[in-house]
Structures are given as structure tokens and as C-alpha cells.
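Have a look at the structure below, then the notes.
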Amino acid sequence: MQGAFEPTEQQKDEAALWHARRAGGSLSAEQEYEFEQWLNADRNNRLAFDQMRVLWARIEEPAKRLSETQRKPALSGFLSWFRPRRGFAALAGMAFVAGAIFFLHPDFIDNIQADIVSGQSNVTAVELPDGSVVRLAANSALSTNFGGGRREIQLLRGQAFFEVVHRNGDPFRVHTGDVTVQVVGTRFNVDRLSQQTVVIVEDGAVRVSSAQDENGVLLGPGQQVVVNDGTLLPSEIGDVGLALSWMKGRLSVHNMPVLELTARLENFDEGRIVVIGDVGTRSISGSFPTTDIPGSLETVADAIGAKVVRTSPWLTVIY
């Protein structure tokens, strides 16, 4: 049963929205009056808003400090502060700092496992030990294993376009979760920006398999396969160039949920992008520049009848 002085989930959502609007300085005099009316309508409304203010005060200041310093010195300084005698307070402090790190750097775990991590550039080109070339989209991470004649890549996060050189028939494999892409020599794209994996072939041929389908499917030029929970769904692509437009600084999508699009755009931005309410489920089509994320978000908002509030350099809210 809901406590007498405990905000409901709806009140917490409303408080988050009001906080985002006020922090962004976008309220008119009429909206300020509406906010005061909402605040005074229910004691739990005020409590929810106070809790939201405290929450963001605790998150944004550590996030700001972390963004202005190198990660390793920040962590080593914190660890040198920690001593067993500090007990519960120290553990609480560690949990809080960890939370701040994951708020600002949610990909921290992937990064420490990776050999190559791209920044916020549109494309990072890397020559691999066998002479093959991988072009990474922003905020992507992969690990490599070229020892003992192997050519193995683990795409931990993001999107990568591979130009694989032929080498005495030795296979070149890319793994993403339980999905494996095997080639000898070809040009293909692997997208792991969402819960599913998408493989697109521009030239040559690849075999894509999963733990549920070990035989997999063979793809040729202009074909793709979407792998969702181990199920492979191959199809033809009308325009491969459009699908690979990320290498030219644009994200071109067709009927993509706004929540997924903003997650992709977030890779090119310094801060987090949060979508509130049902706007995240709406579908959108278009081509959005990755060199101007604020402009792209405004375009998205205009297209679906939503609003954008940038509360700080580290947080943008669409509602």
C-alpha cells in the first residue's frame, strides 16, 4: 500500500519533467504558475520534487568533476582515500562514486575489456595486425585476438565496418554476444547499437550464425540479417549506401523508435539523452547529422511534437 507521504511513480515522473523544464530555463510565466499549482496540489508532489532536486544535485556535481578529470587519477585518488576503518561510510561513498561514474560513463565495463575504443568522432579507422581495416562509429569498443594465426574480433559495443583482406583462406571472425560473422575477404558492417545485432554486406560474402542457429545464413552483397535473441532474419537492402551513411556523418533511419534513435545519437554527444513518456515509442524516419546533435534532437522533437530541454552539458531531456 502506498504510504501517506510517499510519492507515486506518476508523481516522480511529473517531478522529473518539471525539474528538467525549470533547469533548462524554458518556463513561461504561465507555466511557472502551472508549476506552483501542481506543487501545491498535493503534499507528495512537493516531496517528489524535493527528492528530484536532491538527486540531481548529487549526480550532476560528481559527474561534472569526473568529466573534467581523467578517469584513472580520479579512481586512484578515491581508492587511496578508502581504508577498512572507514566501514559503512566508505562503502557508501564507493557505491555513490561508482553510480556517478556509470551515470556519466555507462560503458565503463566494456571499455576496460576493450583493446580499441573510439571517441566521439564520426569514424575511427584502425589497421589490424593482418592488414584488414576496421572503421568504428563513435563510442564503439572491440577486443582483438590475432595470436597463433587467429583473426578474431569481439565487438563489445557500437558499430563497425570491416574491410577484410584475404589470407591463405584463414577465416576472419567477428563475435557480438552469441552472434558470429565469418568471412575470408569482404566488406561488411556489424551494428550492435541496440539489443539486436544487424550485419550488412557491401561486397563479398559472410556467414552469420548464432548459438541457436549454428548453421546460420550466407549473405551476399546488398543483403542483411537481423539477429534478435538468436533468431536470424535475413533480407535484401534497397540502398546499402544509405545504411552505411554513418561513415559520412549522418544517421539515416526508417520507422525507428525515437528511444532507439536517441540512444544512437547519444554516442556522438558528451552527455546523456533521456526520453520521458510515450514519445520514446513513436517511430521516425529521416537522416540526422551526427556533427550537430542538439540540432538533430530539435529536428526529432519537431517531427514528433515533443520538446527538448538541455538541463546541463551532461543531460538533455526530450518529453
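In the numbering used here, the protein residues as written are 67 to 385.
In this text, a Cβ means the ideal position worked out from N, Cα and C, and glycines have one as well.
Less than 8 Å between the beta carbons of residue i and residue j, yes or no?
i           : j           : result
residue 322 : residue 350 : yes
residue 338 : residue 380 : yes
residue 271 : residue 286 : yes
residue 224 : residue 211 : no
residue 274 : residue 245 : yes
residue 265 : residue 248 : no
residue 27  : residue 340 : As shown, the chain starts at 67 and ends at 385. That puts residue 27 outside it, with no answer to give.
residue 207 : residue 256 : no
residue 222 : residue 179 : yes
residue 342 : residue 374 : no
residue 215 : residue 236 : yes
When the Cα of residue i is compared with those of the options, which residue comes out closest?
i           : options            : result
residue 199 : 97, 187, 238, 311  : 238
residue 253 : 207, 230, 192, 294 : 230
residue 355 : 292, 188, 226      : 188
residue 218 : 195, 202, 205, 305 : 195
residue 352 : 249, 233, 324      : 324
residue 109 : 348, 383, 81, 289  : 81
residue 296 : 280, 289, 311, 284 : 280
residue 191 : 201, 105, 197      : 201
residue 299 : 342, 334, 262, 333 : 262
residue 387 : 366, 111, 185      : Nothing can be reported for residue 387: it is not among the residues displayed for the chain, which extend from 67 to 385.
residue 88  : 303, 294, 304, 102 : 102
residue 83  : 243, 344, 362, 278 : 344
residue 175 : 193, 197, 209      : 209
residue 368 : 348, 234, 378      : 348
Can you tell me which of the three DSSP states residue i falls into?
i           : result
residue 341 : strand
residue 101 : helix
residue 297 : strand
residue 120 : helix
residue 202 : strand
residue 290 : strand
residue 259 : coil
residue 248 : strand
residue 75  : helix
residue 85  : helix
residue 280 : coil
residue 80  : helix
residue 346 : helix
residue 373 : coil
In terms of DSSP beta bridges, what is residue i paired with?
i           : result
residue 180 : Answer is none; residue 180 lacks a bridge partner.
residue 52  : In this structure the chain extends from 67 to 385, so residue 52 is not present and cannot be described.
residue 302 : 289
residue 113 : Bridge partners of residue 113: none, in fact.
residue 378 : 381
In the DSSP assignment, find the alpha helix (DSSP H) that holds residue i and state where it starts and stops.
i           : result
residue 332 : 324-332
residue 191 : From DSSP, residue 191 is part of no alpha helix (DSSP H) but of the beta strand (DSSP E) over 190-193.
residue 360 : 359-370
residue 224 : Residue 224 -> not in any alpha helix (DSSP H); beta strand (DSSP E) instead, spanning 218-229.
residue 207 : Residue 207 -> not in any alpha helix (DSSP H); beta strand (DSSP E) instead, spanning 207-211.
Would you kindly report the start and end of the unbroken beta strand (DSSP E) that includes residue i?
i           : result
residue 306 : First-last for residue 306: 306-309, but that is the alpha helix (DSSP H), not the beta strand (DSSP E).
residue 232 : It is not in any beta strand (DSSP E) - residue 232 carries neither H nor E in the DSSP assignment.
residue 352 : 349-355
residue 384 : 381-384
residue 275 : 272-276
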